[in-house]
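In the numbering used here, the protein residues as written are 212 to 614.
Next comes the structure, spelled out in C-alpha cells:
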C-alpha cells in the first residue's frame, strides 16, 4: 500500500510529527510512505515531496493579507504537486493541514474528485469549515454553522489586513470540500467532532483518532541536569511549551501569573522567539524553540506542573507529552484541551481566570507531584500510545481500499 500524506510542514511541530509517526508505522508494516509538505524541509523517514518554494509561500501570504483568499493561491505549486501524485500513484491520500500558504485547495479538490483515490482528512483545527479562521471560540462566533460573513476574526491567522472575503471563502469551501464523496474525516478530539457534525462537512463519516505520542521517548527522565542547566535549583517549576507563542497560546496569561507566584517558584517557557526572549520579565526563564525531543522530555520531567492556558485549541499534544513524563497538567476549559486529563492527572480552570490558574497550581503543590504522576502516565498510555493510535489509521486505510 502506498500512502501520500499532505501537510504544511514535515517532521516539525505537532502536525508534522504526527504525519512523521504515521509514516514510520507504515514503513514498519511494509508499506510505502510519502509526505508532501510546504515549508521546513526537515529530514524524514518517509519519501518527501516539497510543494512550491519560499517565494511561492510569500506570494500566497501577500494574497492572504491583501485579499483574504487563503488557500486559493499557490496555483503552480499545486499543479506541480498533482504531477508528483500521478507519478507516485498512491492508494490513499491523507490530508492534514491544508492552510499554511502553500496549497491551492480548488486545484487539489478538483483533482481528487476526478482521481477517485480514497481520501482521509485529519482536521487539526476548524479552518476547513469556516470562511476564514482556524478557531472561532475566542470571538464566540458560530456563523460557520450557516454561512460566514462580516468576519469578527479576520485579524487572526490567516490574517487579512483589509478585505473580508469570508463569505466567498465559505461558499467555495463548502462546494469544493463536499465534491469528493470518498473522504473519511478524522477528528483528534470529541470537541471538534461535535462541531464537525454541525458544519457543512457533517455529511461525511467522522471518526475520532487521538493524536499519538511515542511512549518510548516521552517518559519520566532524570530532571536534575536540566534544572541545573537553567539555574533554578530546587525551585517549584511551572512549565509552558508551544511551537509559536502568542496571546492565543496564553503568553500574556503567563506574564500575569508571574506577578502572583512566590520567589520559590519559577515559570519556564519553551519555544519563544528571539524577540520574545528579550522582552520576557527577568524572573521568568525563556528557552528558544527546540527540535531536540530528548531535551524537551527533560523539561517535561523536571516540571512540577505543566501549564497550558491556551485560549483556543483542538487536541494540544503538549498536554499528552507532559502527562507521559509524569507531570500533572493545568489547562483552560477550551476546545479539546480538557479531554486530555481527568481528576487524578490535572485540573481544568475557567479560561482567562488567572487566580483560578494560581489556585490550581497551589492545590497540586500541596498534594505534591508524586500524588499525580502514576495517574498521569497511565492516562497518557491509555489515550495517546502512538503504536495503537496510528494503527487505527492503517486499519482505516485498509478498510477504504477494501471498499
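For each residue, glycine too, the CB sits at the ideal point set by N, CA and C.
These figures come from a predicted structure and were not determined experimentally.
According to the DSSP assignment, residue 490 belongs to the alpha helix (DSSP H) that extends over 485-490. 9 Å or more divides the Cβ of residue 366 from the Cβ of residue 354. 417 is the residue among 417, 511, 560 and 385 whose C-alpha sits nearest the C-alpha of residue 604.
Secondary structure within the stretch 476-530: the beta strand (DSSP E) runs of 3 or more consecutive residues, fully enclosed, are 476-483, 496-499 and 516-519 (chain order).
The C-beta distance from residue 215 to residue 245 rounds to 4 Å, short enough to meet the 8 Å contact threshold. With respect to the 9 Å criterion, residue 359 and residue 389 are not classified as neighbours on the basis of their beta carbons. Sorting 406, 412 and 559 by C-alpha distance to the C-alpha of residue 396 places 412 at the top. In summary, residue 459 is buried, with 16 or more beta-carbon neighbours lying within 10 Å of its beta-carbon over all protein chains present.
In the DSSP assignment, residue 215 is bridged to 245 and 304.
Contact check for residue 547 against residue 527 passes: the beta carbons are separated by less than 9 Å. Residue pairing of residue 360 in beta bridges, as defined by DSSP: absent, with no partner found. In terms of Cα proximity to residue 481, the closest of 489, 315 and 510 is 510. Annotation note: the stretch 523-582 contains the following uninterrupted alpha helix (DSSP H) runs of length 4 or greater, listed N- to C-terminal: 528-535 and 565-578.
Straight through space, the alpha carbons of residue 217 and residue 243 are spaced by roughly 14 Å. For residue 363, the CB contacts under 7 Å within the same chain, skipping 5 residues up- and downstream, are 350 and 352 in chain order.
Here residue 384 is buried, its C-beta having at least 16 other C-beta atoms within 10 Å.
Looking only at 536, 487 and 490, the smallest Cα-Cα distance to residue 504 is reached by 536.
Taking the Cβ atoms as the reference, residue 233 lies roughly 5 Å from residue 601, within the contact range of under 8 Å. Leaving aside the five residues that flank residue 223 on each side, the residues in its chain whose CB is nearer than 6 Å to its CB run, in chain order, 251 and 253. Between residue 561 and residue 586 the beta-carbon gap is near 23 Å, outside 8 Å, which marks them as no contact.
For residue 357 against residue 375, the beta-carbon gap comes to about 17 Å, at or over 8 Å, which does not count as contact. Judged by DSSP in its simplified three-state form, residue 315 adopts strand. Apart from the 5 residues on each side of it in sequence, residue 431 sits with its Cβ closer than 6 Å to the Cβ of 512, 536 and 537 in its chain, given in chain order.
Cα atoms of residue 401 and residue 420: separation of roughly 9 Å, rounded to the nearest angstrom. Restricting attention to 319, 282, 568 and 257, the CA atom closest to the CA of residue 449 is found in 568. Excluding five sequence positions before and after residue 284, the CB atoms of its chain that fall closer than 6 Å to its own CB belong to 271 and 274, given in chain order. In this structure, the straight-line span from the alpha carbon of residue 581 to that of residue 308 is close to 37 Å. As summarised for the stretch 349-433, the continuous beta strand (DSSP E) elements at least 3 residues long and confined to that stretch are 394-398 and 417-419, given in chain order. Annotation for residue 341: no beta strand (DSSP E) segment contains it, and DSSP assigns it neither H nor E. Sequence-distant partners of residue 213 (beyond 5 residues in either direction) whose C-beta falls short of 6 Å from its own C-beta, in its chain, are 243, 301 and 302. The C-alpha of residue 256 is placed about 15 Å away from the C-alpha of residue 425. Note that the C-beta distance between residue 572 and residue 467 is not below 9 Å. The C-alpha of residue 446 lies about 5 Å from the C-alpha of residue 476. Within the same chain, 221, 246 and 248 come within 7 Å of residue 259 by CB-CB distance, once the 5 residues on both sides are set aside. Short of 6 Å from the beta carbon of residue 314, and not among the five residues preceding or following it, lie these beta carbons of its own chain, in chain order: 285 and 289. The beta strand (DSSP E) runs lying completely inside the stretch 242-296 and spanning 3 residues or more are 243-250 and 258-261, given in chain order.
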